[in-house]
Amino acid sequence: MTDTAPAPEILLERRGPLAVVILNRPKALNALTLGMIRALAPQLAQWERDPAVKAVVMRGSGDKAFCAGGDVRAIWEAGRGFQQAGGYDPATAPDDCLPRRFFFEEYRLNRQIKLCAKPIVSLLDGVTMGGGCGLSMHGSHRVATERTLIAMPETAIGLFPDVGGSVFLNACPGEVGTYLALTGDRLKGGADALWCKLATHAAPSAAMAAIEERLAGAAWTGDPARDRAVADAAIAAHAADPGPSPLSQQSAWIDRCFAPARVEDILAALARESGAAAERAAAARKTIETRSPTSLKLTLAQLRRTRGLGFDQAMATEFRLVQRCMAGHDFFEGIRAVLVDKDQAPRWRPDRLDAVTDAMIDAYFAPLGPRELTFAD
Ligand code: QUE
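Every position in the sequence shown, counted from 1, becomes a number in the working numbering once 6 is added.
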């Protein structure tokens, strides 16, 4: 007998009072597909209503990743169809097309996780990027390990740090969120993740199964506020001090250099650094210079303009931006260079910061009329 049924992309299981989400595309680093979003969103809603479910655990399958991001390759293929047919227009594209539906439903799921009254504990034991941050950062509990790699690397693929990056990057200390957004730098291990408030707890990778077991056997009360503390205690029983945060030692030059309102001025500030920080500032500058000029200016404008907005308004802003990215050039070139041809040599258009005007960036923020991200059922 051979088993011909394909493995499900997402496993939705029960373990006593615990609901368990397993992102199950290990060969694709558990990258999030529209099918996974469409399976998880209604199940999460049902678990929220079910008094027998007290908390949710999310984890990745395989030993490499929690979730590497969205299935941007599928969106790239769908979007290329539009390019060959004259271009993607967010105002007239079919409502059910992937470049619209994927982000619409992903951002709504991010909000559902944010609003969930029950603890959602994400075990970030490996690669956690882009859409994987969107699944985890808005939940109540995020556990980092020595194997955690957290990044928002979208400026490398002609996008911007979406899935609520406006919220969780703006909540990082000082200008560290701006640094992470523009460079796409990877945080390794629990100490930096905790310092950036991206993780709530740090524990050894070897303790992940024990944490899940303790959550399954915990003395849940059914009261949301008290159950947050129950989850805290279950995780804390296996937590370990990850030591001092290396990134926190870099905050002085990061705060100096990443404060300006223009990307050009950030690059100039990095070039002016001398002394102990000069080498790291030069490395950041080199990295930024490989990124999409449009993405860089868009990302800085995103972070500055969403500061102080509520969650829903920030997500609606991100949806405007991502729909304009689907209508542009750099996302398709970025995915080509990074995930398809893998030549790591994107030819951005425009290819210089000074050719990306304020008017071009302003146009990304224009409302989408009847095509806005909405949150009503
Ligand atoms: C920047 C990104 C992403 C990326 C690489 C970048 C991203 C993303 C993936 C990814 C990785 C593995 C997969 C997959 C997608 O890579 O957002 O489907 O199997 O999802 O440099 O932003």
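Beta carbons: idealized from backbone N, C-alpha and C, even for Gly. Just so you know, these numbers come straight off a predicted model, no measurement behind them.
With 16 other CB atoms within 10 Å as the buried threshold, where does residue i fall?
| i | result |
| --- | --- |
| VAL78 | buried |
| GLN89 | exposed |
| LYS124 | buried |
| HIS346 | Looking at the sequence provided, one finds Val at residue 346 rather than His. The residue in question, VAL346, is exposed, as its Cβ has fewer than 16 Cβ neighbours within 10 Å. |
| GLY223 | exposed |
| ASP168 | buried |
| SER280 | exposed |
| GLU83 | exposed |
| GLY5 | Because the chain here runs from 7 to 383, residue 5 falls outside it and cannot be looked at. |
| ALA329 | A quick correction: the sequence has Gln, not Ala, at residue 329. Result: buried. |
| GLU218 | buried |
| GLU270 | exposed |
| PRO12 | exposed |
| GLU19 | exposed |
| PHE264 | buried |
| GLY267 | The residue you asked about is not Gly; residue 267 is Ala in the sequence shown. Exposed, because fewer than 16 other Cβ atoms sit within 10 Å of the Cβ of ALA267. |
| LEU221 | buried |
| LEU253 | buried |
| THR300 | buried |
| GLY375 | exposed |
| ASP131 | buried |
| ALA25 | buried |
| LEU141 | buried |
I need the DSSP call for residue i, collapsed to helix, strand or coil.
| i | result |
| --- | --- |
| SER211 | helix |
| GLU19 | strand |
| ALA282 | helix |
| LYS194 | strand |
| LEU165 | coil |
| THR189 | helix |
| VAL346 | helix |
| ALA34 | helix |
| PHE72 | strand |
| THR296 | helix |
| THR380 | coil |
| SER128 | strand |
| VAL27 | strand |
| ARG355 | coil |
| LEU204 | coil |
| ARG4 | Look at the range of the chain in this structure, 7 to 383, and you will see that residue 4 is not part of it. |
| MET143 | coil |
| ARG148 | strand |
| VAL133 | strand |
| ALA177 | coil |
| ALA157 | strand |
| SER301 | helix |
| SER251 | coil |
| TYR94 | coil |
| ALA5 | The chain is shown from 7 up to 383; residue 5 falls before or after that span and cannot be answered. |
| LYS60 | coil |
| VAL362 | coil |
Can you give the beta carbon distance from residue i to residue j, rounded, assuming they're within the 8 Å contact cut?
| i | j | result |
| --- | --- | --- |
| GLY170 | GLY75 | At roughly 13 Å, the Cβ-Cβ gap does not stay under 8 Å, so GLY170 and GLY75 are not in contact. |
| GLY164 | ASP336 | 3 Å |
| ALA162 | GLY340 | 6 Å |
| TYR113 | MET332 | TYR113 to MET332, Cβ: 14 Å. No contact. |
| VAL182 | ILE272 | With a Cβ gap of about 13 Å, VAL182 and ILE272 do not count as contacting. |
| ILE16 | VAL62 | About 13 Å separates the two Cβ atoms, so there is no contact after all. |
| VAL59 | PRO23 | 7 Å |
| ALA275 | ARG286 | Not a contact, Cβ separation roughly 13 Å. |
| ARG117 | ASP383 | With 8 Å as the limit, ARG117 and ASP383 do not qualify as a contact, their Cβ atoms being about 12 Å apart. |
| LEU38 | SER67 | The Cβ separation is near 13 Å, so there is no contact. |
| LYS203 | ALA177 | 6 Å |
Short of 6 Å in beta carbon distance, which residues of its chain neighbour residue i, apart from the five on each side in sequence? Order them along the chain.
| i | result |
| --- | --- |
| LEU129 | ARG65, VAL149, MET214 |
| ILE81 | LEU104, PRO105, PHE108 |
| PRO352 | GLU339, GLY340, ALA343 |
| LEU115 | ILE43, ALA47 |
Grab me the residues of residue i's own chain with a C-beta within less than 7 Å of its C-beta, minus the 5 sequence neighbours each way, in chain order.
| i | result |
| --- | --- |
| ARG107 | LEU40 |
| VAL133 | LEU35, LYS70, ALA71, PHE72, ALA74, LEU155 |
| ILE294 | LEU188, THR189, LEU273, LEU302 |
| LEU5 | Limits of the chain in this structure are 7 at one end and 383 at the other, which puts residue 5 out of reach. |
| ARG291 | LEU273, LEU276, ALA277 |
Ordered along the chain, which non-local residues of its own chain (more than five positions away) have a Cβ less than 8 Å from that of residue i?
| i | result |
| --- | --- |
| ARG311 | THR323, PHE371 |
| SER378 | Just to set this straight, residue 378 is Glu in the shown sequence, not Ser. So the list reads ALA322, PHE325, ARG326, once near-sequence residues are dropped. |
| ALA1 | Summary: the structure shown does not reach residue 1, with the chain confined to residues 7 through 383, and so no result is reported for it. |
| ALA239 | ALA224 |
| ARG44 | GLU111 |
| ALA237 | ALA61, PRO125, VAL127, SER146, HIS147, LEU221, ALA224 |
| LEU255 | Checking the sequence, you will find Gln at residue 255 rather than Leu. So the list is empty, once near-sequence residues are dropped. |
For residue i, is the beta carbon positioned less than 7 Å from some heavy atom of ligand 2?
| i | result |
| --- | --- |
| ALA84 | This structure simply doesn't include ligand 2; it includes ligand 1 instead. |
Exercise for review: Check whether the stretch 182 to 200 touches the stretch 219 to 237, taking contact to mean three or more Cβ pairs, one atom from each stretch, closer than 8 Å.
Suggested key: no
| Three or more C-beta pairs closer than 8 Å, one from the stretch 146 to 160 and one from the stretch 197 to 206: is that the case here? | yes
At least 3 beta-carbon pairs within less than 8 Å: the stretch 182 to 189 vs the stretch 293 to 312
A contact exists between the stretch 182 to 189 and the stretch 293 to 312.
**Prompt:** Three or more C-beta pairs closer than 8 Å, one from the stretch 355 to 374 and one from the stretch 205 to 214: is that the case here?
**Reply:** no
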